[in-house]
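2 protein chains.
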Amino acid sequence: MAIPVESFFLPQGGSGTLQQRIRQMVAEGILSGRFRAGEKMPSSRGLAEHLGVSRITVTLAYTELVSSDYLTSRGRSGYFVSEGVPVQPAFRPAPRAAGTVDWEAVTGRRFSGMERVERPEDWRGFPYPFIYGQADPALFDHQNWRLCALQALGRREFETLTADRYESDDPMLIEYILRNILPRRGIDARPDEVLVTMGAQNALWLAAQVLLRPGGHAVVENPGYPGFRAMVAQAGARVTPVPVDEGGLVVEALPGGVDVVFTTASHQSPTNATMPVARREALLRAAEERGFIVVEDDYEFEMSFLKPVSPSVKSLDTGGRVVHAGSFSKSLFPGLRLGWLVGPAPFIREARALRAQVLRHPPGHVQRTAAYFLSLGHYDALVNRMKAAFRKRRQAMEEAIAEHGLKVAGQGGFGGSSFWMEAPGAVDTEALALRLRGQGVLIEPGRVFFHPGTERRNFYRLAYSSIPLGKIPEGIALVARAMREV
Amino acid sequence: MAIPVESFFLPQGGSGTLQQRIRQMVAEGILSGRFRAGEKMPSSRGLAEHLGVSRITVTLAYTELVSSDYLTSRGRSGYFVSEGVPVQPAFRPAPRAAGTVDWEAVTGRRFSGMERVERPEDWRGFPYPFIYGQADPALFDHQNWRLCALQALGRREFETLTADRYESDDPMLIEYILRNILPRRGIDARPDEVLVTMGAQNALWLAAQVLLRPGGHAVVENPGYPGFRAMVAQAGARVTPVPVDEGGLVVEALPGGVDVVFTTASHQSPTNATMPVARREALLRAAEERGFIVVEDDYEFEMSFLKPVSPSVKSLDTGGRVVHAGSFSKSLFPGLRLGWLVGPAPFIREARALRAQVLRHPPGHVQRTAAYFLSLGHYDALVNRMKAAFRKRRQAMEEAIAEHGLKVAGQGGFGGSSFWMEAPGAVDTEALALRLRGQGVLIEPGRVFFHPGTERRNFYRLAYSSIPLGKIPEGIALVARAMREV
C-alpha cells in the first residue's frame, strides 16, 4: 500500500536543515506507527511538490533514511518503509489509576523546599536583565568553542568521548587546572589533590557530604549563598548562620563545636566583600585551634579588573585544613557544568568515590573540549574581553546609581559582576521585582540570601554580567522610579 | 629582550595539529612565566627552522596568538609577548606541612569502600576483552555523532549550550523519550513524570535518596548490581539481600517491613534472568499489600535480538508504585552519562530538586546532541547494527563455550550482551582473572555481585559487547585452559 502524500506535514518552526526536517518527519511517522513496514513512500517528485521543496532535497533525505534503515530502496519501484524498523510493542500501558501511594508522605518533600534566586527561563527576552551568572553571547567566543568541541570529537579522541571512567578525570584538563588555574590562586596542588566536578555546586555538595555526618555542625555566612543550607541539611547536619560585615565572615562570631565553615572569602556572595588577609589568618588559626575544616567557594575570581585578586584562603593553608572549590561557570558558561575541588588527597579520594556513586564522572567530551579551549588560549582571551566589558558596565552602573540616589550596600574593591543594594527599610524587594518585571526589568530580591528567621526584605542584587552597556542608564532609572512608587 | 629560539620545544606526542601545538607551546611558556610581557618572539622563519616546520605554520600560529592577545604584532619589528597576558601572582603558596588533620577520622572512608567490577583503564590493549558495557568503535556511528554535536553547537543553539537550567531538561530530548523510547517499554508518561539524569547510576542514586531515609529498609537482588548497596547505605537505610533464581528476584522471599525493592526484572544483573509476567504481577500485588515502592533498573532492554523484549514492570503498574530507570550508556556509550527516571509527578519533583542540589542539570549540549542523534534515526540504526553483531557474537560464544565444556549459569532468553558463568566449586575466579590477564584475556570475577557474607567465588561474567567476533573462540579456549590449570 502506498502512503498518500497528504499524510506528510513538515512541522512548523522546526530546527535543522530542510533535509533534516524531512528525515525527522518520516522517522517520526514510522516510529509512531502511522507508517508501517512494507508501505510504499510517495515518489520524491510527488513529496517535493507537496511540501514545496526541491526534489533533490527529498532524494537526499530518502537516501539518508535508507542508510539508517528506515526506508528500503527497490530500484525503479521506489522507496518502502523497511521491515527492520522499530515496531511499537503490542502491549499497551496499564490504565492510569489514581494510585494508592501517599507521595507527600513517602518523599516528605525533603528536597523541593530549597529556596533559590528565581529567574524567568525567557530572561533573554527582557530588555533590562540585571541578573547574575549567565553567559553573554556578545562576549562568548562561540566559534572557537565549536572548533574545540569538534577537535574533541576527532577519531583519536574516541576513548575520551566514550569511556566509562569511574575514577579518573581528563588528564589534559587536570594538567591545565594544576599548572595554570590554581597557581593564579596561589595554590600548588598534585593530581591526587584535585577532582573535576559538575560545576561548583557539585563540588560544594560533595565537600559537604564527605565532611559532615548526621548530627554534625556547619557554619554558613549570613547573608550567603542559599545552596549551602540545603547541602548541609542533606548531610543531616545542623547549620548556624554567622553574620557578614565589610570584611566578610565575622570570625569572632563563630560558635563552638563546629565541624565545617563554608566561606566565600575572596568575594562574599552576595555582598562582594573581600576578607582581609589578617582575618583569613585568624580564620585558619581558629580552624587549627578548634579543629574545624574550612570550605572555600572561590567563585568568580577571574573577574578582578580593578585590582589584582587577593590570594585564596587555600594558599595560606599550612595545616591542610582548607578545601577549595571553583568553576568555569562564570568565565565560560553555566550550562557547561565544570568545576573543581582541591583538598588533601584522603579527602579527594572520598569525594571521588562519592562522585562515582552519584554520577560516575562528568562527560569526557565536555572535559576535553574545555581542555582545548583553555590550552589554546581562548579562555584567557575571553576572560580579558569580559573584564574589559565588565569594567565599562560597572562604571556605567556606578554613575547611574549615583545619579538616581540608589544605595549600594556592597560592591567589592576588585571587580566582580554585581552590586549588593539596599532599598529604604519599608520596601519589599520581592514586590519591587514583580513590578519591575512588568516593565522589562529583572532584579534579584535579596530575601533568599538571608537565613530563615533573619530575613531582610529591603535588599536586592543588581548584576551587570548580562545587561548591555547601553541599557544600564535606563534600567537603573526604571528601578529608581519603581522604588519611589512602591 | 628577545627570547632565544632554543627556549622552544614542541612537546612530544601532543595531540592536535602542528599549528595548535605551537600555539600551546607558546601559551604555556607565557602562562608559566618563562616568557614575560614585552619580550620579543623569535622570527617566524627562525622558529620554523628551529622546529623543522614550515614558516607558514608558525606565521599562522603567531596570528592566532595575536588574536587571543598572547602576542602583539609590531609590524616589521616582529612579534612580542603582550602586556595583557595573565601574570602569575606574586604570592607564593604556603609551604607544605604534614598537616594536622586526621582525615581518616574526618571522612571515615565512608565512600571509598564501595566494591565494583574492576576493569583496567587500558583494556582496549587486551586482545580478548570479555568485559561488559563499553562502547565498540567498530559499531558506533562516530561520524553522525560528530555531525549531531556540531548541529547542537549552532548559533541558534546558544541558549541550549550555555543556559543555567536548574529544573528543566532539554524539551527535544524529553519529547523523544516520551514518544519513542518509553512506548517501547509499554510506558505512557507525561513530561512531569520524567527526569533526565547523568546515566542510570545517577537515576538510581536519586531514587534511593528520595525514597529512603535513615532507618529505612531496602531489598536488593543477590547476586545483583553492587552499586545498589552503596546507594542505600548513603541514604542511611539498611539493606536485605534477597535471592535470585531462573525467574529473577524470588518474590516469596521478600522480608516484611520493606520500603523499597530494587529489581532488574527484565534482565537480571548479572544472571540475565527475565522475570515472568506472573511473578511481576505478584511483586506488584505484594507492593500494594505491604506498601513498598519498586525501583526498576531497566538497563540494556534494546539488546533483545532473539525475541521481543518483555514489557517493563512499570507498564503493569496500575497503583503508581513503580519508579523506572533507564539509560543510553549501553546503546550509545557510557561516557555520555545520559539516562532517565520515570515515576509519579510528586516523586519526580523531589528527584528533580535533589538533582538541582547535587549538580543542577546534565550539560545542555550533551542533551541536545543526543536528541538530534535519536530523532534523525541514527540511534535506531546503531541499535540494529549492535543487535546484528551481538547475535553473531553470542552464537560464537555458545559454540566455543560448549566445545570447551564451560558451564553457563545464566544467559537469558532474548539477547543481552553477557553470559553468567559458573566455574567448578574450587576455582577462585579472582585468581583466575589475574592469571588470564597475563595472557591478554579479561574476564569479570563474580564475587562483587554477591552480598557481603554470601560471596561465592566460583562465578564470573563473560561479556561479548566489546570483543571482536574472530577473537571469541581463542579467548574462550584460553579461559578453559586456565580453568584446568588453576
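Just so you know, the protein sequences line up as chains Z and R, in that order.
Just so it is clear: in the first sequence, position 70 is 70 by my numbering, and no numbers are missing.
Just so it is clear: in the second sequence, position 246 is 732 by my numbering, and no numbers are missing.
Every residue, glycine too, gets a C-beta built ideally from N, C-alpha and C.
{"Asked": "Taking only three categories from DSSP, how would you classify E193 (chain Z)?", "Found": "helix"}
{"Asked": "Could you give the residue range of the alpha helix (DSSP H) that holds Y460 (chain Z)?", "Found": "It is not in any alpha helix (DSSP H) - Y460 (chain Z) instead sits in the beta strand (DSSP E) that spans 459 to 463."}
{"Asked": "By Cβ distance below 6 Å, which residues in the same chain neighbour P311 (chain Z) in space, the five residues on each side in sequence not counted?", "Found": "G186"}
{"Asked": "Determine whether the Cβ of G335 (chain Z) lies closer than 8 Å to any Cβ atom of chain R.", "Found": "yes"}
{"Asked": "Check whether the region 872 to 882 of chain R and the region 927 to 947 of chain R touch, using three or more Cβ-Cβ pairs below 8 Å as the test.", "Found": "no"}
{"Asked": "Within a Cβ cutoff of 8 Å, which residues of the same chain sit near F787 (chain R), ignoring the five residues on either side of it in sequence?", "Found": "R670, R671, S752, H753, V795, S798, G812"}
{"Asked": "Of all the options R:V844, R:R665, R:E782, R:G685, which has the alpha carbon lying nearest to the alpha carbon of V808 (chain R)?", "Found": "R:E782"}
{"Asked": "For L862 (chain R), which residues in the same chain have their Cβ closer than 8 Å to its Cβ, ignoring the five residues on either side in sequence?", "Found": "N630, C634"}
{"Asked": "Out of curiosity, what's the CA-to-CA distance linking Q687 (chain R) and R823 (chain R)?", "Found": "9 Å"}
{"Asked": "By the three-class DSSP mapping on this structure, what secondary structure does H50 (chain Z) have?", "Found": "helix"}
{"Asked": "DSSP three-state call for T429 (chain Z): helix, strand or coil?", "Found": "helix"}
{"Asked": "Please tell me whether, using a cut-off of 7 Å, the distance from the CB of V260 (chain Z) to the nearest non-hydrogen atom of the ligand HEM is below it.", "Found": "The model on display carries no ligand, and the ligand HEM is accordingly not part of it."}
{"Asked": "Per DSSP, what are the beta-bridge partners of N666 (chain R) in this structure?", "Found": "Its beta-bridge partners do not exist; DSSP assigns none."}
{"Asked": "Looking at chain R, is there any beta carbon in it that lies within less than 8 Å of the beta carbon of F347 (chain Z)?", "Found": "yes"}
{"Asked": "Determine the closest residue to F819 (chain R) out of R:P848, R:D914, R:D627, R:E836, with distance taken between C-alpha atoms.", "Found": "R:D627"}
{"Asked": "Counting only Cβ-Cβ distances shorter than 9 Å, please list the residues of the region 539 to 558 of chain R near chain Z, keeping chain order.", "Found": "E550, L551, S553, S554, D555, Y556"}
{"Asked": "Please list the partners that Q24 (chain Z) has in chain R, where partner means a Cβ-to-Cβ separation under 8 Å.", "Found": "S861, L862"}
{"Asked": "Excluding five sequence neighbours on each side, which residues of the same chain lie with their C-beta closer than 7 Å to the C-beta of R435 (chain Z)?", "Found": "A482, V486"}
{"Asked": "If the criterion is Cβ atoms closer than 8 Å, does the pair V587 (chain R) and G320 (chain Z) meet it?", "Found": "yes"}
{"Asked": "Establish whether the CB of V965 (chain R) and some CB of chain Z are separated by less than 8 Å.", "Found": "no"}
{"Asked": "Return the residue from the list R:G829, R:I660, R:F935, R:L659 that minimises the CA-CA distance to N758 (chain R).", "Found": "R:F935"}
{"Asked": "Should S465 (chain Z) and Y128 (chain Z) be called a contact, given that it needs their Cβ atoms to be closer than 8 Å?", "Found": "no"}
{"Asked": "Is the beta carbon of M275 (chain Z) sitting closer than 8 Å to the one on A839 (chain R)?", "Found": "no"}
{"Asked": "How is S904 (chain R) classed by DSSP in three states: helix, strand or coil?", "Found": "strand"}
{"Asked": "Scan the region 787 to 809 of chain R for residues whose Cβ lies nearer than 8 Å to a Cβ of chain Z and list them as they occur along the chain.", "Found": "P794, V795, P797, S801, L802, D803, T804, G805, G806, R807"}
{"Asked": "Assuming A739 (chain R) and V746 (chain R) form a contact by the criterion Cβ under 8 Å, report the distance between their Cβ atoms to the nearest whole angstrom.", "Found": "With a Cβ gap of about 16 Å, A739 (chain R) and V746 (chain R) do not count as contacting."}
{"Asked": "Contact between the region 283 to 297 of chain Z and the region 425 to 435 of chain Z is defined here as three or more beta-carbon pairs at a separation below 8 Å; is this criterion met?", "Found": "no"}
{"Asked": "Let me see if you follow: with CB-CB separation under 8 Å, is E115 (chain Z) close to chain R or not?", "Found": "no"}
{"Asked": "Does Y500 (chain Z) get closer than 8 Å to chain R when you measure Cβ to Cβ?", "Found": "The structure shown does not extend to residue 500 (chain Z), since chain Z is modelled only from 1 to 486, so the question has no answer here."}
{"Asked": "Cutting at 8 Å between CB atoms, please list the residues of its own chain near I472 (chain Z), excluding the five before and the five after it.", "Found": "R393, A396, M397, A400, Y464"}
{"Asked": "Measure the C-alpha to C-alpha separation of M527 (chain R) and Q151 (chain Z) and round it to an integer number of angstroms.", "Found": "28 Å"}
{"Asked": "Just to confirm, is the Cβ distance from F419 (chain Z) to K307 (chain Z) under 8 Å?", "Found": "no"}
{"Asked": "Measure the C-alpha to C-alpha separation of I174 (chain Z) and V194 (chain Z) and round it to an integer number of angstroms.", "Found": "8 Å"}
{"Asked": "For D608 (chain R), is the classification buried or exposed, using 16 other Cβ atoms within 10 angstroms of its Cβ as the cut-off for buried?", "Found": "exposed"}
{"Asked": "I'd like the list of long-range same chain contacts for T648 (chain R), defined as Cβ closer than 8 Å, with 5 residues on each side in sequence excluded.", "Found": "G850"}
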